[in-house]
Structure formats: C-alpha cells, structure tokens
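Written below as structure tokens is the structure these notes are about.
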Amino acid sequence: MDIQEYRKSLDCKTGNTKDLAKMLGVSEAKARRITHIEGFPKIKIGRDIRIILSKLDQFLEDNIGQIL
C-alpha cells in the first residue's frame, strides 16, 4: 500500500471538524468545541484533528441528555 492509498483509507475511516459540523447540523466552531470534550473519539495528527467515525455514534449515544 502506497501513501496515497493509505491516506484514502484513513479518510474513509475518519472525518474532520467540517464533516462533523455537517453531520450534526452545527457550526464548525461548535464542532471544534465538541472535539475537546473528554472521551470524544478523535486522534490528533500534528495540528489536524481527525474524528473516528466508527466511534462517533457510540459517543453520541453515551451522551444522550447531556449538554455538549
């Protein structure tokens, strides 16, 4: 697997804050604040925050009724 294929596979498994904002129907600023919540499924690559999409639904279910 070359670097381009690896990046493509990573993009399918993760999203950025812009993607999160679209999924949740919130502003990008709010999406960035949500990523700072303890336990939020993210990884940091340098300054880039990548959301682990496979874990996002579980995080949301675990926080039903909470103010995010």
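Just so we're aligned: 774 in this note's numbering is position 19 of the sequence shown, and the numbers increase by one with no gaps anywhere. By construction, the Cβ of each residue, glycine as well, lies at the ideal position given by its N, Cα and C atoms.
- In the DSSP assignment, D803 falls within the unbroken beta strand (DSSP E) covering D803 to I807.
- Rounded to the nearest whole angstrom, the CA to CA distance from D803 to A786 is 14 Å.
- Membership of I789 in the alpha helix (DSSP H) is indicated by the continuous run E783 to I789.
- Looking at D757, S809 and I819, the one whose alpha-carbon comes closest to that of L775 is S809.
- Within the same chain, Cβ atoms closer than 6 Å to the Cβ of L823 are found at I789, the five residues on either side in sequence being excluded.
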